[in-house]
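Peer 1:
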Amino acid sequence: MKIAVFGGTFDPVHLGHLIMAEQCREQARVDQVWFVPAARPPHKQDRTLTPFAQRVEMLQVAIAGQPAFRVEEIENERPGLSYTADTLHVLKQRHPGADLHLLVGSDSLRDLPLWREPARIVELASLLVTARTGFAVLPVEELRMLLQMPESIPVRMQVVEIPLIDISSRDLRRRAVEGRSLRYMVPRAVECYVTQHRLYRA
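As numbered in my numbering, residues 2 to 203 make up the sequence shown, in order.
1) Identify which residue in T196, E162, V187 and R117 has its Cα closest to the Cα of Q28.
2) Please return the same chain residues whose Cβ sits closer than 7 angstroms to the Cβ of Q61, not counting the five positions on each side in sequence.
3) Kindly list the residues whose CB is nearer than 6 angstroms to the CB of Y201, restricted to its own chain and excluding five residues on each side of it in sequence; keep chain order.
4) According to the Cβ coordinates, are S107 and V138 closer than 8 angstroms?
5) Tell whether a beta-carbon distance below 8 angstroms holds between L125 and F7.
6) Please work out which residues of its chain come closer than 6 angstroms, Cβ to Cβ, to A123, disregarding the five sequence neighbours upstream and downstream, and give them in chain order.
7) Measuring alpha carbon to alpha carbon, tell me which of L129, T134 and H44 ends up nearest V141.
8) Would you kindly work out how many angstroms separate the C-alpha atoms of D47 and E192, rounded to a whole number?
9) May I have the straight-line CA-CA distance separating H198 from A63, to the nearest angstrom?
10) Should A5 and V34 be called a contact, given that it needs their Cβ atoms to be closer than 8 angstroms?
11) Given this structure, state the Cα-to-Cα distance separating P56 from N77, to the nearest angstrom.
12) Assign D100 to one of three DSSP states: helix, strand, or coil.
13) Within a Cβ cutoff of 7 angstroms, which residues of the same chain sit near P164, ignoring the five residues on either side of it in sequence?
14) Go to I75, then tell me how far its alpha helix (DSSP H) extends in each direction, as first and last residue.
15) Return the chain-ordered list of same chain residues with a C-beta closer than 6 angstroms to the C-beta of R121, the five sequence neighbours on each side being excluded.
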């Protein structure tokens, strides 16, 4: 089974996330896309996140009706910070026959050498890369050089074309704080969830 692993805080999940996931599913011909919300992201320790359970619930209502999508809560089961290399390792242990693909934006791809154990990430999963505004996709050989990967280890990467829709969770949280509309930027069910639970309000 080909599985695309889509990690993030999803605080909140928005239409940009869903478009990215669906285009990766279609173009890379993966069987399933697993949304993996981070429990304790190492790069956001200075910010208070919406509780994990509520971010999971928003994901679940957002992907309802798409049987190829599912929410994987693996990062909440482990102690410590949520590192992609560790998550992929555990997923590979639990699903040894799975062909794992990691969804990353072209901005995150440039930061990959700074992640924990980036070479291990590339060994465990193929990369499905989507272009982000202002960030060209790194060529495979340049990425290999930055990661100092030997030629004997393949760096598997596929570029997925998606509409450049510039929606960010940070902007959505700010809009919610200001009482502004989230309509047409998040699924309607997520918009209702944010309003009902008064998320992101002071």
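We treat Cβ as the ideally placed atom computed from N, Cα and C, and that holds for glycine. Quick caveat, the model's predicted, so the values are computed rather than measured.
Peer 2: For this structure:
1) E162
2) V72
3) R174, A177 and V178
4) yes
5) no
6) The question names Ala, yet the displayed sequence has Val at residue 123. The residues are V156.
7) L129
8) 26 angstroms
9) 16 angstroms
10) yes
11) At residue 56 the sequence reads Arg, which differs from the Pro that was named. R56 and N77: Cα-Cα distance of roughly 12 angstroms.
12) strand
13) I20
14) I75 to E78
15) A86
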